[in-house]
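Everything below concerns the one structure shown next.
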Amino acid sequence: MTNRLVLVINCGSSSIKFALRQEGQSEAVLSGLAERLGSPQASLSFKSGEQSHQASLHGNEHVDALSALLPLIENHAGQPPSAVGHRVVHGGEHFTGARVIDQEVMDAIEANAPLAPLHNPANLIGIRAAMGVFTDVPHVAIFDTAFHQSMPAHAYRYALPDELYTLHGVRRYGFHGTSHQYVTNQASILAGMNAGEGAWLSAHLGNGCSSCAVLNGRSLDTSMGLTPLEGLVMGTRSGDVDPNLHAHLARTLGWDLERIERLLNRESGLLGLSGLTNDMRQLEQARADGHHGARLAIEVFCYRLARSLAGLAVALPRLDGLIFTGGIGENSALVRALTLSHLGILGLNLDPDRNIALPRGQAGAIQGHGSPAVLVIPTDEERQIAEESLALLDTQTRSS
Ligand code: ADP
Numbered sequence: 003m004t005n006r007l008v009l010v011i012n013c014g015s016s017s018i019k020f021a022l023r024q025e026g027q028s029e030a031v032l033s034g035l036a037e038r039l040g041s042p043q044a045s046l047s048f049k050s051g052e053q054s055h056q057a058s059l060h061g062n063e064h065v066d067a068l069s070a071l072l073p074l075i076e077n078h079a080g081q082p083p084s085a086v087g088h089r090v091v092h093g094g095e096h097f098t099g100a101r102v103i104d105q106e107v108m109d110a111i112e113a114n115a116p117l118a119p120l121h122n123p124a125n126l127i128g129i130r131a132a133m134g135v136f137t138d139v140p141h142v143a144i145f146d147t148a149f150h151q152s153m154p155a156h157a158y159r160y161a162l163p164d165e166l167y168t169l170h171g172v173r174r175y176g177f178h179g180t181s182h183q184y185v186t187n188q189a190s191i192l193a194g195m196n197a198g199e200g201a202w203l204s205a206h207l208g209n210g211c212s213s214c215a216v217l218n219g220r221s222l223d224t225s226m227g228l229t230p231l232e233g234l235v236m237g238t239r240s241g242d243v244d245p246n247l248h249a250h251l252a253r254t255l256g257w258d259l260e261r262i263e264r265l266l267n268r269e270s271g272l273l274g275l276s277g278l279t280n281d282m283r284q285l286e287q288a289r290a291d292g293h294h295g296a297r298l299a300i301e302v303f304c305y306r307l308a309r310s311l312a313g314l315a316v317a318l319p320r321l322d323g324l325i326f327t328g329g330i331g332e333n334s335a336l337v338r339a340l341t342l343s344h345l346g347i348l349g350l351n352l353d354p355d356r357n358i359a360l361p362r363g364q365a366g367a368i369q370g371h372g373s374p375a376v377l378v379i380p381t382d383e384e385r386q387i388a389e390e391s392l393a394l395l396d397t398q399t400r401s402s
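Mind the numbering: the sequence shown is residues 3 to 402 in this note's numbering, read in order.
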């Protein structure tokens, strides 16, 4: 039997990111992006190996983009997928792991929409469209929040009146679970332990950023909370601010909620601090050219990250290592070095040469003498989604 294929779908309100993954393979057979859906400019681009292509769409809706994938998969893989794996942002407390999608699962995703009003409805559009196109295969939902459902109450509860939690679900959920799970699993393999073993701190640093404490494959605490705004400084998100900032801005500047939400989600973080850009590559260049805002933004980013990691360390009984991942974590030797300069308290230090010399896209260890492991591990959320989807289907087959 040839290795099974999984079509992984990440659906936004006007876009679909997709990847066709083959069991046991580290590279996608096919991957791409449908953009500007719902508009006359809708387009679909995809990559197979090193080749990039455009595909034509017969219509501009999500279902049209997914229909266009059918012949592409036939041409490039010669066999249909065995499953479709859907990334879903918010599973609330309903979901502690992957689930085969049925009406009950869709209802629960809908019920969690107030917790992720931009994401869950878009994810549902993708699920419904894909179920109409890929009719003969199971569809599996993988939740960004599910990995963190193992957090104990002392980590996930806010110090707010009880009924806000019991009646309204106000608690810390955490996100980026797929990535933290994937890299900590890889870290244990890299460190010569059994898969999933070990006491790890993980820093996922992309446009969104979060840190996580993981013990033997279970998330014990993480920096994001009710929404993906809590915690670290990010590209355009502020991360933690004084919770009274809303009232202060409303009183002193007359700002309404929409204005404040825009400030905290789209105008803050690296962009707001630097006054320049949310892109770390450009900030590094500007810093090297003497730009004060860029220097400050990177310093705040790294200090706040180190502070978060040191705080999360209390969730662990010991520290086997720290993992950097995401576009910034995997590529920025500067961010890794500045962050580690604040983490002597955890016994961590870097080998500066190994930090700089690590080839792009490659996993490797960069710690100095006597330090717990410091690992750079490229994340692969699509692979994790594909593998979890197949593992779930295998478990169901065995138990039926
Ligand atoms: P997303 O969260 O959207 O998936 P990524 O994980 O791709 O984002 O991370 C994007 C960030 O990674 C950007 O800030 C980008 O500048 C940064 N980045 C990518 N390559 C480099 C590099 N070589 N050096 C520094 N930062 C980089």
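Quick reminder that beta carbons are idealized off the backbone N, C-alpha and C, glycines included.
Predicted model, so just to flag it, every value in this text is computed and none were measured.
In the three-state reduction of the DSSP assignment, residue 379 falls in the coil class, being assigned neither a helical nor a strand state. Annotation for residue 111 indicates a beta carbon at 6 Å or more from all heavy atoms of ligand 1. In the DSSP secondary-structure assignment, residue 33 is bridged to 21 and 49. Boundaries for residue 96: no alpha helix (DSSP H) harbours it, and the DSSP string shows neither H nor E there. Exclusion of the five residues before and after residue 61 leaves no residue of its chain whose Cβ lies closer than 7 Å to its Cβ. DSSP, read as helix, strand or coil, puts residue 369 in strand.
Ligand 1 has a heavy atom closer than 6 Å to the beta-carbon of residue 282. Taking 6 Å as the cut-off, the C-beta of residue 33 does not count as close to any heavy atom of ligand 1.
If you check the C-beta of residue 330 against ligand 1, you find a heavy atom less than 6 Å away.
Three or more beta-carbon pairs drawn from the segment 364-376 and the segment 341-351 are found closer than 8 Å, and the two stretches are therefore classed as touching. The C-beta distance from residue 271 to residue 237 rounds to 5 Å, short enough to fall under 8 Å. The beta strand (DSSP E) runs lying completely inside the segment 126-196 and spanning 3 residues or more are 141-145, given in chain order. Judged by DSSP secondary structure, residue 324 falls within the beta strand (DSSP E) whose first and last residues are 323-327.
Put simply, of 336, 20 and 325 the residue whose alpha carbon is nearest the alpha carbon of residue 367 is 325. By the CB criterion at 7 Å, residue 50 and residue 56 fall outside the cutoff. For residue 7, there is no enclosing alpha helix (DSSP H); the enclosing beta strand (DSSP E) has its first and last residue at 7-13. Excluding the 5 residues flanking it on each side, residue 134 has same chain C-beta neighbours closer than 7 Å at 65, in chain order.
7 Å or more divides the Cβ of residue 212 from the Cβ of residue 221. Using a cutoff of 6 Å, the CB of residue 333 counts as near ligand 1, since one of the ligand's heavy atoms is closer than that. When DSSP states are grouped into helix, strand and coil, residue 243 belongs to the coil group. Look at residue 218: its beta carbon is at least 6 Å from all of the heavy atoms in ligand 1. One thing to note: residue 100 has its Cβ no nearer than 7 Å to the Cβ of residue 127.
Of the candidates 354, 4, 103 and 332, 103 places its Cα closest to the Cα of residue 137. Secondary structure at residue 220: strand, using DSSP grouped into helix, strand and coil. Segment contact: the segment 141-161 against the segment 83-90, three or more CB-CB distances shorter than 8 Å; contact assigned.
Within the chosen limit of 6 Å, ligand 1 reaches the beta carbon of residue 208 through at least one heavy atom.
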